[in-house]
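Below is one structure, written out as structure tokens; comments come after it.
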Amino acid sequence: MVQVQQVAVEMEERNRPVAADILNFIDGKFVKGGSGTTFPNIDPATGRETGRVHEATREDVDRAVAAAKRALTGPWGKMTTAERIRLIAAVADEIERRSEDFLDAEVADTGKPRAVAAHIDVPRGASNFRMFADIVTTLPTESFGTPTPDGSGAINYAVRKPKGVIAVVCPWNFPLLLMTWKVGPALACGNTVIVKPSEETPRTAALLGEVMDAVGMPAGVYNVVHGFGPGAAGEFLTAHPDVDAITFTGETGTGQAIMKQAAVGVRDISFELGGKNPAIVFADADLEKAAEGISRAAFLNSGQVCLGTERVYVEQSVFEPFVAKLAAAARALKPGNKGDPHYLGPMISEDHRQKVLGYYERAIAEGAIAVTGGGVPDVDAAAAGGFWVEPTIWTGLAHDSTVMREEIFGPCCGIIPFDTEDDAISWANDTDYGLSATVWTENLSRAHRVAAAMSVGVCWVNCWFLRDLRTAFGGSGQSGIGREGGAHSLEFYTELENICVKL
Ligand code: NAD
Ligand code: 6OD
0 MVQVQQVAVE
10 MEERNRPVAA
20 DILNFIDGKF
30 VKGGSGTTFP
40 NIDPATGRET
50 GRVHEATRED
60 VDRAVAAAKR
70 ALTGPWGKMT
80 TAERIRLIAA
90 VADEIERRSE
100 DFLDAEVADT
110 GKPRAVAAHI
120 DVPRGASNFR
130 MFADIVTTLP
140 TESFGTPTPD
150 GSGAINYAVR
160 KPKGVIAVVC
170 PWNFPLLLMT
180 WKVGPALACG
190 NTVIVKPSEE
200 TPRTAALLGE
210 VMDAVGMPAG
220 VYNVVHGFGP
230 GAAGEFLTAH
240 PDVDAITFTG
250 ETGTGQAIMK
260 QAAVGVRDIS
270 FELGGKNPAI
280 VFADADLEKA
290 AEGISRAAFL
300 NSGQVCLGTE
310 RVYVEQSVFE
320 PFVAKLAAAA
330 RALKPGNKGD
340 PHYLGPMISE
350 DHRQKVLGYY
360 ERAIAEGAIA
370 VTGGGVPDVD
380 AAAAGGFWVE
390 PTIWTGLAHD
400 STVMREEIFG
410 PCCGIIPFDT
420 EDDAISWAND
430 TDYGLSATVW
440 TENLSRAHRV
450 AAAMSVGVCW
460 VNCWFLRDLR
470 TAFGGSGQSG
480 IGREGGAHSL
490 EFYTELENIC
500 VKL
């Protein structure tokens, strides 16, 4: 077993140990960074330091990439698909067995409600491995019988091969979920990976190293390097010539920087980026259901969800009752009070809180009325240092105001009335982004018509964030490049070689 350097820190809620030293995982070993530099890991719910993250240097990243490259031709590269898939299924089992440890780690990094991590982040962490292991074993490749002039014919068939060394660069909002959503299919296809978790949320990526070790994953298959983006571990990794492909989730601006880095050596990319997602509520919708669904879409994870709703278009005749219902749902949320069943978590950092509060001020300057929220809540003394904002709803904003156009990534949304279906569709689509949309109506024809008219990667009707891992996931416009999920993940994580045999 690998020796993990740990110093116990008492967890307020459950008294479980959470590592105070968060180490890189390179070539099957937990290691400090070569320069000895560390940076603080902060609990966003208290603002207090809970550990030190060991930053990877350029040389550490080089060693991780070299280890991942070596592993491709070692025992991992020689495994049959069945052997590989058994190992990946064991990773899923081990995440489930250690789910309390993963919950502690995710809550310590993000401050999110334990119930959210227990229902979304950690179970998805396990199913991202199990599901893609199943998909790899069941998906066929194509073959064609081809006529030839001599009449004997030829057979063409395709074989899938791993793409090689994959860089996985992750954000902080669903750290384990979004990392394993890439690592699961990458490993199921036989690649090796180097993960660069967000500097804000390094714990679950490191913990997954313990899982890999426990199940007997060969050294170098899964590596983790900690640090920042530009001029640091993120850039060292994505610019590395021996990285064959880069899968990235994060801000659109960061995607643009990584795209330039990927251009050198013409490496493949898959990008899941920002969003400014609309909801359309028709007068024939079940208003209770719509308010409940949009309340989740606007406030789950404190609005720090790429798929979250920040723009709501409501048919004029139901505008007032809908606003009243959504405002009641927002007022019931309790930022800062961990003991409350309606606990709403903090922003990930003080910087992010200031960004969100900047939009709260901007909204008022742009003529909004804050129906509820709009500032910083009063919280218990224990939470005083946390990065809190109030859940906020605005009316009175113009469709083309900054607040209705730019991604805020906080617990807030603007609500605008509409008169016709055409107006609702054209306003919803009038954005640089194109990640997701929701449509709320009980009219079946309208549901299909409006959903198909949305310029997005995914449209949910009368629901939100209902995920089936076999479906295509990604964004159009500035929300991303490519699709992952099911067979689409296999497209990205494999090279398809066609073999033509003359008979
Ligand atoms: P971010 O872009 O700031 O950071 C994401 C990761 O990129 C971090 O690990 C960071 O260190 C790294 N990074 C930054 N600059 C880099 C560079 N030049 N080279 C290499 N790596 C670099 O994003 P964030 O603030 O962590 O996450 C929030 C954003 O992510 C929001 O815009 C949100 O919409 C988006 N997001 C999108 C999806 C999706 O599926 N479309 C999912 C979750 C989050
Ligand atoms: O569910 C997923 O697979 C996924 N990529 C979710 C993204 C959430 C964004 O915050």
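Under numbering that gives the first Met the number 0, the first residue of the sequence shown carries the number 0, and numbering increases by one thereafter.
In this text, a Cβ means the ideal position worked out from N, Cα and C, and glycines have one as well.
Alpha carbon of residue i to alpha carbon of residue j, nearest angstrom
i      : j      : result
Ala18  : Val210 : 15 Å
Ser142 : Lys162 : 21 Å
Gly252 : Met258 : 10 Å
Arg123 : Leu176 : 6 Å
Gly344 : Arg69  : 42 Å
Gly50  : Lys111 : 18 Å
Ala218 : Val224 : 15 Å
Ser98  : Ala63  : 27 Å
Thr45  : Arg96  : 29 Å
Arg159 : Leu495 : 5 Å
Arg330 : Asp92  : 39 Å
Gly278 : Ile87  : According to the sequence shown, residue 278 is Ala rather than Gly. One C-alpha to the other measures close to 37 Å.
Ala166 : Arg57  : 14 Å
Ser475 : Thr430 : 11 Å
Thr493 : Asp267 : 11 Å
Gln303 : Thr36  : 29 Å
Thr145 : Ile84  : 33 Å
Ala297 : Ala362 : 16 Å
Tyr221 : Ala244 : 15 Å
Leu502 : Glu82  : 33 Å
For residue i, the first and last residue of its enclosing alpha helix (DSSP H)
i      : result
Trp426 : Glu420 to Asn428
Arg129 : Val121 to Thr137
Val60  : Arg57 to Thr72
Lys324 : Phe318 to Ala331
Tyr358 : Glu349 to Ala364
Gly252 : Thr251 to Ala262
Ala452 : Leu443 to Ala452
Own chain, CB closer than 8 Å to residue i, minus 5 neighbours either side, in chain order
i      : result
Gly485 : Ile134, Leu468, Arg469, Thr470 and Ala471
Asp418 : Glu314 and Gln315
Ser507 : Residue coverage of the chain in this structure runs from 0 to 502, which leaves residue 507 outside it and unanswerable.
Leu138 : Ala486 and Leu489
Thr394 : Val322, Ala367, Ile368, Val370, Gly413, Ile414 and Ile415
Glu365 : Leu396, Ala397, Ser400, Thr401 and Val402
Ile21  : Asn40, Gly50, Arg51, Val52, His53, Pro201, Arg202, Ala205 and His225
CB contact check: residue i to chain C, cutoff 7 Å
i      : result
Val106 : Of the protein chains in this structure there is only one, and it is not chain C.
Residue interval of the beta strand (DSSP E) (run including residue i)
i      : result
Asp100 : Note, Asp100: premise wrong, no beta strand (DSSP E); alpha helix (DSSP H) at Ser98 to Thr109.
Ser142 : Ser142 to Thr145
Gly215 : Where Gly215 is concerned, there is no enclosing beta strand (DSSP E), given that its DSSP letter is neither H nor E.
Ala244 : Ala244 to Thr248
Val438 : Ser435 to Trp439
Thr79  : Neither: Thr79 is in no beta strand (DSSP E) and is coded neither H nor E.
Val370 : Ile368 to Thr371
As assigned by DSSP and simplified to three states, the class of residue i
i      : result
Arg15  : Any reading at Arg15 must be qualified, since the residue scores a pLDDT of 41, below 50, and its modelled position is unreliable; the value itself is stated next. In this structure, Arg15 counts as coil in the three-state DSSP scheme.
Asp283 : coil
Asp267 : strand
Ser34  : coil
Ala89  : helix
Thr45  : coil
Ala231 : coil
Lys501 : strand
Asn222 : strand
Phe298 : helix
Val402 : helix
Trp22  : The amino acid at residue 22 is misidentified as Trp; the sequence shows Leu. Here Leu22 sits in coil by DSSP.
Lys28  : strand
Ala114 : helix
Ser203 : Going by the sequence as given, residue 203 is Thr instead of Ser. Note: Thr203 maps to helix in three-state DSSP.
Lys507 : What the structure shows of the chain is the stretch from 0 to 502, and residue 507 is not part of that stretch, so it cannot be assessed.
Cut-off 6 Å between Cβ atoms - residues of its own chain near residue i, not counting five sequence neighbours on either side
i      : result
Glu389 : Gly372, Gly374 and Pro376
Ser301 : Leu343, Gly344 and Pro410
Gly479 : Phe270, Glu271, Leu272 and Gly473
Phe227 : Glu198
Arg445 : none
Asn127 : Thr179, Trp180 and Gly183
Lys275 : Glu309, Glu406, Thr430 and Tyr432
Pro428 : Correcting the residue type first, residue 428 is Asn in the shown sequence and not Pro. Closer than 6 Å at the Cβ level, and outside the excluded window around Asn428, lie Ser454.
Cβ shell of residue i (< 7 Å), same chain only, five flanking positions each side left out
i      : result
Gly254 : Phe247, Phe270 and Leu272
Ala116 : Leu102, Glu105 and Val106
His239 : Val60 and Val64
Closer than 6 Å: residue i CB and nearest the ligand MN heavy atom
i      : result
Val192 : In terms of ligand content, the structure shown lacks the ligand MN and carries the ligand NAD and the ligand 6OD instead.
I'd like the ranges of any alpha helix (DSSP H) spanning at least 4 consecutive residues and lying wholly in the segment 455 to 495. Those alpha helix (DSSP H) runs which fall completely within the segment 455 to 495 and span 4+ residues are 485 to 492.
At 4 residues or longer, what runs of the alpha helix (DSSP H) sit wholly inside the segment 151 to 192? The segment 151 to 192 contains these whole alpha helix (DSSP H) runs: 174 to 187.
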